[in-house]
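If you read the protein sequences in the order shown, they are chains A, B, C and D.
Residue numbering for the first sequence is -13 to 139, as defined by our numbering.
Residue numbering for the second sequence is -13 to 139, as defined by our numbering.
Residue numbering for the third sequence is -13 to 139, as defined by our numbering.
Residue numbering for the fourth sequence is -13 to 139, as defined by our numbering.
Number of protein chains: 4
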Amino acid sequence: MTFTAADPDFEVRVRASFARQGIMRLINASIVRVSPGAVEIELPFRDDLTQQHGYFHAGITSTIADSAGGYAAFTLFPATSSVLTVEFKVNLVAPADGEKLVARGRVKKHGRTLTVCELEVAAVKDGRERACAYGLQTLICLEGVADGRRPQG
Amino acid sequence: MTFTAADPDFEVRVRASFARQGIMRLINASIVRVSPGAVEIELPFRDDLTQQHGYFHAGITSTIADSAGGYAAFTLFPATSSVLTVEFKVNLVAPADGEKLVARGRVKKHGRTLTVCELEVAAVKDGRERACAYGLQTLICLEGVADGRRPQG
Amino acid sequence: MTFTAADPDFEVRVRASFARQGIMRLINASIVRVSPGAVEIELPFRDDLTQQHGYFHAGITSTIADSAGGYAAFTLFPATSSVLTVEFKVNLVAPADGEKLVARGRVKKHGRTLTVCELEVAAVKDGRERACAYGLQTLICLEGVADGRRPQG
Amino acid sequence: MTFTAADPDFEVRVRASFARQGIMRLINASIVRVSPGAVEIELPFRDDLTQQHGYFHAGITSTIADSAGGYAAFTLFPATSSVLTVEFKVNLVAPADGEKLVARGRVKKHGRTLTVCELEVAAVKDGRERACAYGLQTLICLEGVADGRRPQG
């Protein structure tokens, strides 16, 4: 599937939003590719990202998958809008064992209100990629609601 | 539903495994209740756990939900065994906005190989709880495989 | 959770919509309880509803679960509206083996656009209920779009 | 992904099992392609397969998707084994509106105990295919348990 982004500045908008996700700095994830309907995020291994067996925790695998899918959808949204995850589901098909993870989100269906993405996370070990998670995700577009920090109160 | 743990030392075993999850220390989550078939995890708010609007990131909500469900299942597993998440699904029904999150995992069906848990995460704001996520999760029991760090190589 | 239906005629509206679902007549499902935010559907066993081992097919279990949740949400919708399933997930925790199935849909979160339901299906065998499926479902409210057959063509 | 079936008679075995699914006869679904790791099922439109707006019911869309994925997995299973659906999730991305549905199940990860499939259902209208559902599914292999009707009682 190929998509066209309605907002020509989609990449700047996506990268600016990603930069506001405090969690991405904490875990040291970076957004490595942004194209209309597709986003890729990488995460180097660290011992403080692990579950009990020393692999990446399923929740961390899901965290970068969720952001990859959310921003894949967001590339197609209007300039003034926000994206929220409605729900997602992941199957953890192999241990997330490697020197880094690569999460890819791809839009499968883009609607005005709801967008559906497929998610895939691979573990890279000794330079070889191996799928460790597959997912499906539903996003909602809040049109007219600018992305950014909400006022606290 | 009430369950009986086959292993009388289930709580020690669960807490020891939780202590090996590097990610829980990084985000400062703590396991606050452990009973047969049910586990509760708390996570205080920090700015480095957020998504782009300043709320807890959906992936972090999912991380503690996944561990709560995984350890709820693990309470019922044999003394020498490991738990892995097969898959989970979460619906994010409200912004995870509050001074802390409370994730609860509860076993709905315990089988020899597969166990199914329901997940619920509430955000506590000004002392009041409000549900922000519901989920369902499938866990697998690796019988005879001791929990613990896997040899690297 | 208790809900109040905005439309006092919610039950008539739900039952009329259920009566338009051709598949419910084909499989002989009936709607047995309708209350604000909750609906129950029953389905007697027939050999032509089975999978390869002679139990109810997972898809049929899901069919009545989907309708139960969809109509549970629909009870809370405005008088002039339609309901569509956005997505659902089911865990099939035991064989759907019995003389009938009972599917229950219950609203967990009611929003203006999206509503989330939990689904549960029990098999009744020799008069005893046993859970065979748990699910979570997202519904969308199409406000102002009257329920009913769409013009063909 | 390409797979090799361990059992050379996988197609006969899959078609025989499909023929035992009473529900497939009731709705008039047929299995149109069987290859290692992939199965396709077709379902012509009938008015008694519909939801309230006159389209295929989401549960029926799911029923053929579930069988397509289940049998895609079953192609890779040993000669003497059974397949059960552990869980599945579907996103209904467009009305299932057309003269027939085509459901495709494809194995994404084949394990000894658990297999994960992706599901896709398209509605064919005026000869053109349009995706109406995407899903993910987990199957379990019961090794040594022959497929077939279970003794009643």
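Cβ atoms here follow ideal geometry from the backbone N, Cα and C, with glycine treated the same way.
Taking the beta carbon of residue i as the centre, do at least 16 other beta carbons fall within 10 Å, making it buried, or is it exposed?
{"i": "Gly45/A", "result": "buried"}
{"i": "Gly56/A", "result": "buried"}
{"i": "Thr66/D", "result": "exposed"}
{"i": "Met10/C", "result": "buried"}
{"i": "Thr(-12)/A", "result": "exposed"}
{"i": "Glu104/A", "result": "buried"}
{"i": "Arg140/D", "result": "Only positions -13 to 139 of chain D appear in this structure, which leaves residue 140/D out of reach."}
{"i": "Ala54/A", "result": "buried"}
{"i": "Arg90/A", "result": "buried"}
Should residue i and residue j be called a contact, given that it needs their Cβ atoms to be closer than 9 Å?
{"i": "Asp34/B", "j": "Arg136/A", "result": "no"}
{"i": "Val25/B", "j": "Val102/C", "result": "no"}
{"i": "His43/D", "j": "Gly8/C", "result": "yes"}
{"i": "Thr61/C", "j": "Pro22/C", "result": "yes"}
{"i": "Val88/B", "j": "Glu129/B", "result": "no"}
{"i": "Cys127/A", "j": "Leu100/A", "result": "yes"}
So, helix, strand or coil for residue i, using DSSP?
{"i": "Glu73/C", "result": "strand"}
{"i": "Gly158/C", "result": "Given a span of -13 to 139 for chain C in the structure shown, any question on residue 158/C remains unanswerable."}
{"i": "Glu115/A", "result": "strand"}
{"i": "Thr124/C", "result": "strand"}
{"i": "Gly54/D", "result": "The question names Gly, yet the displayed sequence has Ala at residue 54/D. Helix at Ala54/D."}
{"i": "Glu104/D", "result": "strand"}
{"i": "Ala44/D", "result": "helix"}
{"i": "Ala65/A", "result": "coil"}
{"i": "Gly91/B", "result": "strand"}
{"i": "Ala(-8)/C", "result": "coil"}
{"i": "Thr99/C", "result": "coil"}
{"i": "Ala24/A", "result": "strand"}
{"i": "Arg19/A", "result": "strand"}
{"i": "Ala59/A", "result": "helix"}
{"i": "Val(-2)/D", "result": "helix"}
{"i": "Ala5/C", "result": "helix"}
How many angstroms separate the CA atom of residue i from the CA atom of residue j?
{"i": "Ala140/D", "j": "Ala132/B", "result": "Missing from the structure shown is residue 140/D; chain D here goes from -13 to 139 and no further."}
{"i": "Arg92/C", "j": "His39/C", "result": "30 Å"}
{"i": "Thr47/D", "j": "Val107/D", "result": "7 Å"}
{"i": "Lys152/C", "j": "Ala59/C", "result": "Limits of chain C in this structure are -13 at one end and 139 at the other, which puts residue 152/C out of reach."}
{"i": "Thr(-10)/D", "j": "Glu(-3)/D", "result": "12 Å"}
{"i": "Phe74/B", "j": "Thr71/D", "result": "15 Å"}
{"i": "Phe31/B", "j": "Phe31/C", "result": "51 Å"}
{"i": "Gly97/C", "j": "Phe63/C", "result": "10 Å"}
{"i": "Thr36/A", "j": "Leu12/B", "result": "10 Å"}
{"i": "Val110/D", "j": "Ser3/C", "result": "26 Å"}
{"i": "Asn77/C", "j": "Tyr41/D", "result": "25 Å"}
{"i": "Asp112/D", "j": "Lys86/D", "result": "10 Å"}
{"i": "Ser68/D", "j": "Ile27/A", "result": "39 Å"}
{"i": "Arg207/D", "j": "Arg6/C", "result": "Since the first residue of chain D shown is -13 and the last is 139, residue 207/D is not available in this structure."}
{"i": "Ala51/A", "j": "Gly134/A", "result": "21 Å"}
{"i": "Gln123/C", "j": "Arg19/A", "result": "32 Å"}
{"i": "Tyr(-7)/D", "j": "Asp(-7)/B", "result": "Note that residue -7/D is Asp in the sequence shown here, rather than Tyr. Going by the C-alpha atoms only, they are around 40 Å apart."}
{"i": "Leu29/D", "j": "Asp(-5)/D", "result": "25 Å"}
{"i": "Pro81/D", "j": "Ile17/D", "result": "23 Å"}
{"i": "Leu125/D", "j": "Leu125/B", "result": "13 Å"}
Residues within the region 76 to 92 of chain A neighbouring chain D, beta-carbon criterion of under 8 Å:
Asn77, Val79 and Ala80
Taking a cut of 9 Å between CB atoms, which residues from the region 92 to 104 of chain A lie near chain C?
Thr99, Leu100 and Val102
Scan the region 120 to 136 of chain A for residues whose Cβ lies nearer than 9 Å to a Cβ of chain C and list them as they occur along the chain.
Leu122, Thr124 and Ile126
To be precise: take each residue of the region 23 to 44 of chain D, compare its Cβ to all Cβ atoms of chain C, and keep it if any distance is under 7 Å. Which residues remain?
Asp33, Asp34, Leu35, Thr36, Gln37, Gln38, His39, Gly40, His43 and Ala44
Any residues in the region -3 to 13 of chain B with a beta carbon nearer than 7 Å to a beta carbon of chain A? Which ones, in chain order?
Ser3, Arg6, Gln7, Gly8, Ile9, Arg11 and Leu12
Using a Cβ-Cβ cut-off of less than 7 Å, list which residues of the region 49 to 77 of chain C approach chain A; keep chain order.
Val72, Glu73 and Lys75
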